[in-house]
Amino acid sequence: MIKIENLSMLFATDEVQTKALNNINLEIKQGEFVAIMGPSGCGKSTLLNILGTLDTPTSGSYSFNGHRVEGMNEKQLTALRKGNIGFIFQSFNLIDELTVYENVELPLIYLHVKPAERKRKVMEVLDKVSLSHRAGHLPQQLSGGQQQRVAIARAVVTNAPLLLADEPTGNLDSTNGMEVMELLRTLNSRGTTVVIVTHSQRDAMYAHRIIRLLDGKIIAENFNHRPDTDDKSEML
182 MIKIENLSML
192 FATDEVQTKA
202 LNNINLEIKQ
212 GEFVAIMGPS
222 GCGKSTLLNI
232 LGTLDTPTSG
242 SYSFNGHRVE
252 GMNEKQLTAL
262 RKGNIGFIFQ
272 SFNLIDELTV
282 YENVELPLIY
292 LHVKPAERKR
302 KVMEVLDKVS
312 LSHRAGHLPQ
322 QLSGGQQQRV
332 AIARAVVTNA
342 PLLLADEPTG
352 NLDSTNGMEV
362 MELLRTLNSR
372 GTTVVIVTHS
382 QRDAMYAHRI
392 IRLLDGKIIA
402 ENFNHRPDTD
412 DKSEML
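One rule links them: number in the working numbering = place in the sequence shown (from 1) + 181.
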């Protein structure tokens with residue numbers, strides 16, 4: 182699904198140049214669950230943004246499902262993201278003035294999905310994250326864990342094959358954080374490729390593979406023995 186070769190990212194100001202990523206080589210297969218770890222400032226979020234085509238690398242190549250990304254213009258990148266890549270952020274990034282239903286519906290509107298089909302898809306995904314009874318509520322009427330589940334529903338309502346999550350439990354307590362990670366594991370067990378950036382070793386243990394970054398370089402890769410149990414996926 183994803184292939185990155187000799188990828189580097191340079192940030193430059195008038196006085197200093199910083200290499201956020203340095204000669205990264207990485208492959209992620211369809212259906213994998215990958216965790217990216219490392220200290221603050223090591224390049225984790227920069228790498229995730231490049232995977233999501235939100236940033237363009239300074240050098241190197243990036244292929245997504247066989248398509249070379251680095252030569253695409255903004256219109257082509259936007260088209261690639263639509264329906265292919267879902268994003269989950271630490272701060273949820275829900276629109277306060279919209280209801281839960283309307284927040285989840287937005288990606289389908291951008292894809293010009295017909296109203297009846299939008300309603301079916303939104304209610305189906307809200308049911309999967311156990312929030313159909315909150316469809317008419319505003320984000321500020323929900324707990325942090327519920328808001329993150331809405332964000333996940335919004336990210337997957339288009340059936341995007343790739344889900345990118347930047348510190349998805351960073352603003353949650355341990356109980357809500359575990360519920361979110363179990364939800365991501367269930368989505369992965371059903372075929373969605375999941376890539377998360379995390380500082381949490383506990384969250385990383387949900388992944389098949391842990392990639393460790395330091396100073397913009399991959400310094401280690403570890404594989405987890407992660408049995409997928411049916412009983413833990415019942416929340417979906």
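Glycine included, each C-beta is placed from N, C-alpha and C at the ideal position. Note that the structure is predicted; figures quoted are calculated from it, not measured.
Query raised in the report: On the three-pair Cβ rule with 8 Å, is the segment 246-259 touching the segment 323-331?
Result: At 8 Å Cβ cutoff, the stretches do not touch.
Query raised in the report: Should the segment 377-388 be called in touch with the segment 301-310, which here means at least 3 C-beta pairs below 8 Å?
Result: Taking a cut-off of 8 Å for Cβ pairs, the segment 377-388 and the segment 301-310 do not touch, as fewer than three such pairs fall below it.
Query raised in the report: What does DSSP give as the partner residues of Leu-343 in its beta bridges?
Result: The sequence position of residue 343 within the sequence shown is 162, counting from 1. According to DSSP, which records beta bridges pairwise, Leu-343 is partnered with Ile-266, Thr-374.
**Report entry** Neighbour-count burial assignment, Asn-187, 16 or more Cβ in a 10 Å radius
**Finding:** In the sequence shown, counting from the first residue as 1, residue 187 sits at position 6. It counts as exposed.
**Report entry** Own chain, CB closer than 6 Å to Phe-404, minus 5 neighbours either side, in chain order
**Finding:** Within the sequence shown, residue 404 is the residue found at index 223, counting from 1. Only Arg-390 meet the Cβ criterion.
Query raised in the report: Would the beta-carbon of Val-375 fall within 8 Å of that of Leu-353?
Result: Counting from 1 along the sequence shown, the entry for residue 375 is found at position 194. Counting from 1 along the sequence shown, the entry for residue 353 is found at position 172. Taking 8 Å as the Cβ cut-off, Val-375 and Leu-353 do not qualify as a contacting pair.
Query - Sub-8 Å separation of Ile-183 and Ile-392 beta-carbons - result: Counted from its first residue, the sequence shown places residue 183 at position 2. Counted from its first residue, the sequence shown places residue 392 at position 211. No, they are not a contact pair.
Query - Coil, strand or helix - Glu-286 by DSSP - result: Counting from 1 along the sequence shown, the entry for residue 286 is found at position 105. Three-state result, Glu-286: helix.
Query raised in the report: Can we say the segment 223-230 touches the segment 276-284, given the rule of at least three CB pairs closer than 8 Å?
Result: Counting Cβ pairs under 8 Å, fewer than three are found: no touch.
Query raised in the report: Can you find a C-beta in chain C that's less than 8 Å from the C-beta of Leu-228?
Result: You won't find chain C in this structure, because it holds only one protein chain.
Query raised in the report: To the nearest angstrom, how far is it from the Cα of Gly-397 to the Cα of Gly-222?
Result: Within the sequence shown, numbered from 1, the residue matching residue 397 stands at position 216. Within the sequence shown, numbered from 1, the residue matching residue 222 stands at position 41. Going by the C-alpha atoms only, they are around 8 Å apart.
Requested in this report: Give the secondary structure of Gln-329 by DSSP, where H, G and I count as helix, E and B as strand, and everything else as coil.
Outcome: Position 148 of the sequence shown, counted from the first residue, corresponds to residue 329. DSSP places Gln-329 in helix when its eight states are reduced to three.
Query raised in the report: Between Ala-201 and Asp-236, what straight-line distance do the alpha-carbon atoms span, to the nearest angstrom?
Result: Translated into positions along the sequence shown, residue 201 becomes position 20. Translated into positions along the sequence shown, residue 236 becomes position 55. Using only the alpha carbons, I get a separation of about 12 Å.
Query raised in the report: So is Gln-198 buried or exposed if we call it buried at 16+ other beta carbons inside 10 Å?
Result: One-based indexing of the sequence shown puts residue 198 at position 17. It counts as exposed.
Query raised in the report: Taking the beta strand (DSSP E) that Arg-390 falls in, what are its first and last residues?
Result: Position 209 of the sequence shown, counted from the first residue, corresponds to residue 390. That run of the beta strand (DSSP E) goes 390-395.
Requested in this report: Name, in chain order, the residues that DSSP records as bridge partners for Arg-249.
Outcome: Position 68 of the sequence shown, counted from the start, is the residue given in the question as residue 249. Bridge partners of Arg-249: Ser-244.
Report task. Could you tell me whether the Cβ atoms of Arg-299 and Leu-312 are closer together than 8 Å? Result -> The residue given as residue 299 occupies position 118 in the sequence shown. The residue given as residue 312 occupies position 131 in the sequence shown. Cβ distance not < 8 Å, so Arg-299 and Leu-312 don't count as in contact.
**Report entry** Val-215 in three-state terms, based on DSSP
**Finding:** Counted from its first residue, the sequence shown places residue 215 at position 34. Val-215: strand per DSSP, three-state reduction.
Requested in this report: Could you tell me which of Thr-234, Phe-268, Asp-277 sits nearest to Leu-258, measuring between CA atoms?
Outcome: As a position in the sequence shown, residue 258 is number 77, starting the count at 1. Among Thr-234, Phe-268, Asp-277, the Cα nearest to that of Leu-258 belongs to Thr-234.
**Report entry** DSSP beta-bridge partners of Lys-184
**Finding:** Counting from 1 along the sequence shown, the entry for residue 184 is found at position 3. Lys-184 is bridged to Glu-208, Ser-244.
Requested in this report: Give the single residue among Val-294, Gly-219, Ala-346, Phe-273 whose Cα lies nearest to the Cα of Leu-395.
Outcome: Here residue 395 refers to the residue found at position 214 of the sequence shown. By alpha-carbon distance to Leu-395, the top candidate from Val-294, Gly-219, Ala-346, Phe-273 is Gly-219.
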